[in-house]
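Q:
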Amino acid sequence: MDVPLSSFADKALFHVGGTPVTISGLVVAATIAAVAFVVSHLAVLVIARARSRMDEAGGGLYILEKFAGYGIAILGVLMALSSLGLSLSSFAVFAGAIGVGVGLGLQGVIKEFVSGIVLLFDSIINVGDYVELPGSKLRGLVREIGTRAVHIRNNDNVDIFVPNSRFIEERFINWTLQGETRRIHVPFSVAYGTDKAFVRDVVLAAARSIDATMPDDGPRRSQVWLVGFGDSALDFELVVWPNLAAVKRPNAMTAAYLWAIDDALRAAGIEIPFPQRDVRVRSVLGREGDAALEALGYTARPDGQARVAPAGGSRNDAAQDLAAHARGDDPQPPPRGGDKAGH
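So that you can map any letter, position 342 of the sequence shown is 341 in numbering that gives the first Met the number 0, and since no number is skipped, the others follow by simple counting.
#1: Considering only DSSP beta bridges, list what Arg314 is partnered with.
#2: Can you tell me whether Tyr69 is helix, strand or coil according to DSSP?
#3: Report the CB separation of His150 from Arg142 in whole angstroms; it is logged as a contact under 8 Å.
#4: Report the three-state DSSP secondary structure of Asn250 (helix, strand or coil).
#5: So, Ile204 versus Leu321, is the Cβ gap smaller than 8 Å?
#6: Starting from Asp215, trace the beta strand (DSSP E) both ways and give me its first and last residue.
#7: Do Ala318 and Ala266 come within 8 Å of each other at the CB atom, strictly closer than that value?
#8: Are the CB atoms of Lys195 and Leu350 within a distance shorter than 8 Å?
#9: Alpha carbons only, please: which of Arg48, Val130, Asp316, Val38 is nearest the one belonging to Ala67?
#10: Pick out whichever of Arg314, Leu176, Leu25, Arg165 has its Cα sitting closest to the Cα of Arg147.
#11: Whose CA, out of Ala323, Ser114, Ile124, lies closest to the CA of Gln177?
#12: So, helix, strand or coil for Gln106, using DSSP?
#13: Is the CB-CB distance between Gly145 and Gly115 below 8 Å?
#14: Can you list, in chain order, the residues of its chain with a C-beta nearer than 8 Å to that of Leu63? Leave out the 5 residues immediately preceding and following it.
#15: From the DSSP output, read off the bridge partner residues of Gly139.
#16: Straight-line CA distance for Thr30 to Ile22?
#17: Measure the alpha-carbon distance for Val27 versus Val108 and round it to whole angstroms.
#18: Assuming Thr180 and Trp258 form a contact by the criterion Cβ under 8 Å, report the distance between their Cβ atoms to the nearest whole angstrom.
#19: Do Asn173 and Leu118 have their C-beta atoms closer together than 8 Å?
#20: Under a Cβ-count criterion, where at least 16 other Cβ atoms within 10 Å of its own Cβ denotes burial, should Val157 be classed as buried or exposed?
#21: Once DSSP output is grouped into helix, strand and coil, what is the label at Thr193?
#22: Quick check: what's the CA-CA separation for Phe112 versus Val238?
#23: Put Ile260 into one of helix, strand or coil per three-state DSSP.
#24: Only counting the same chain, and skipping five residues up and downstream in sequence, which positions put a Cβ closer than 6 Å to that of Arg152?
#25: Name the DSSP beta bridge partners of Gly227, please?
#26: Met78 and Ala35: beta carbons closer than 8 Å?
#27: Classify Asn315 as buried or exposed, calling it buried when 16 or more other Cβ atoms lie within 10 Å of its own Cβ.
#28: What residue does the alpha helix (DSSP H) around Ile209 start on, and which one ends it?
#29: Under the rule that 16 or more other beta-carbon atoms within 10 Å means buried, what is Tyr191, buried or exposed?
#30: Among the residues of its own chain, which have a CB less than 7 Å from the CB of Arg326, if the five just before and after it don't count?
#31: What's the gap between the Cα of Glu168 and the Cα of Asp262?
#32: Would you mind sorting Ala245 into buried or exposed? The rule is 16 or more other CB atoms within 10 Å of its CB.
#33: Would you please state the rounded distance, in angstroms, between the beta carbons of Asp234 and Pro272? I believe it to be under 8 Å.
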């Protein structure tokens, strides 16, 4: 006997809270849910593209991107359930039955999800910020704030995922929260007896030779401080304000200034001291002087053997790295399909 297609489609497969669920109803619900997920994905792509054009200023759009994705998808699911003639009250008993199990088994997931929402609205951390977790010595650029973890990429292009709750429960440092520069201290030492004013002038000139150094502007100006009297040296610090791009590469930034300082001090004839200890060997097996050293397997080094930096300075790889990063042409790995956060 032939069965009409309409009768087959309207046949109840099962009941939820007394409401029949038919094949046609499932097809309509699945279509609504699929359309909602497609619209959600397209909305995320459009907002992400608009945010990518705003560089570091797209924090508000990032929140909109996340909630557009989640909100449209959840709305689609609710509309799909409504098309089946189901109400949320129909799932009250079911939700109560599994609520305890979900609460115990997924409390970690729920904790990270809620922490992610708090991070998005609290604005203590945004995509593009350079953050540091002092306890683990982890630092890098925030690429994405996800449902479970914050995606961080360090300057060695290593991707690290940190649970959202760590940024809620632990102390962390946001180096670029205000989108401005920060002051750094670069220590160095010179021999006792060196003219301090001369040291200051030489080192400030070296600092200004680094493209990352911000122009002097009122209190934000490069300085050289005498900070201590060491065992064999005067201890100084170069206090300098680099640009924001350099702040996000602290190791290269410090290396660039140290390299420039070393070149400048050598070119100016300023001695860079190191701890020394004089050992006098009076005699070994009846031998004295250089003969005694040779008997011990040592050879006296002639004076003036140390190499002197060329007058024009040497190639400063770290400074070149900072300049390339500021221009945006430093090498980066290709983005993954789901990697929508800007660098």
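For glycine and all other residues, C-beta sits at the position ideal for the given N, C-alpha and C.
A: Let's see:
#1: Per DSSP, none; premise fails for Arg314.
#2: helix
#3: 4 Å
#4: helix
#5: The amino acid occupying residue 204 in the given sequence is Ala; Ile does not appear at that position. Contact flag unset, no.
#6: Careful: Asp215 lies outside any beta strand (DSSP E) and carries neither H nor E.
#7: no
#8: No answer is possible for residue 350: it lies beyond the span of the chain, which begins at 0 and ends at 342.
#9: Val38
#10: Arg165
#11: Ile124
#12: helix
#13: In contact: Gly145 and Gly115 (Cβ atoms closer than 8 Å).
#14: Closer than 8 Å at the Cβ level, and outside the excluded window around Leu63, lie Ile46.
#15: Val130
#16: 12 Å
#17: Approximately 31 Å, taken between the alpha carbons.
#18: Contact flag wrong, Cβ pair sits at about 21 Å.
#19: no
#20: Counting of Cβ neighbours within 10 angstroms places Val157 among the exposed residues, the total staying below 16.
#21: coil
#22: 41 Å
#23: helix
#24: Gly139, Leu140, Arg142, Asp158
#25: Bridge partners of Gly227: Asp234.
#26: Ala35 is positioned such that its CB atom lies closer than 8 Å to that of Met78.
#27: Asn315 should be labelled buried.
#28: Here Ile209 belongs to no alpha helix (DSSP H), and DSSP marks it neither H nor E.
#29: Classification of Tyr191: exposed, given that the 10 Å Cβ count is below 16.
#30: none
#31: 45 Å
#32: buried
#33: 10 Å between Cβ atoms; not a contact.
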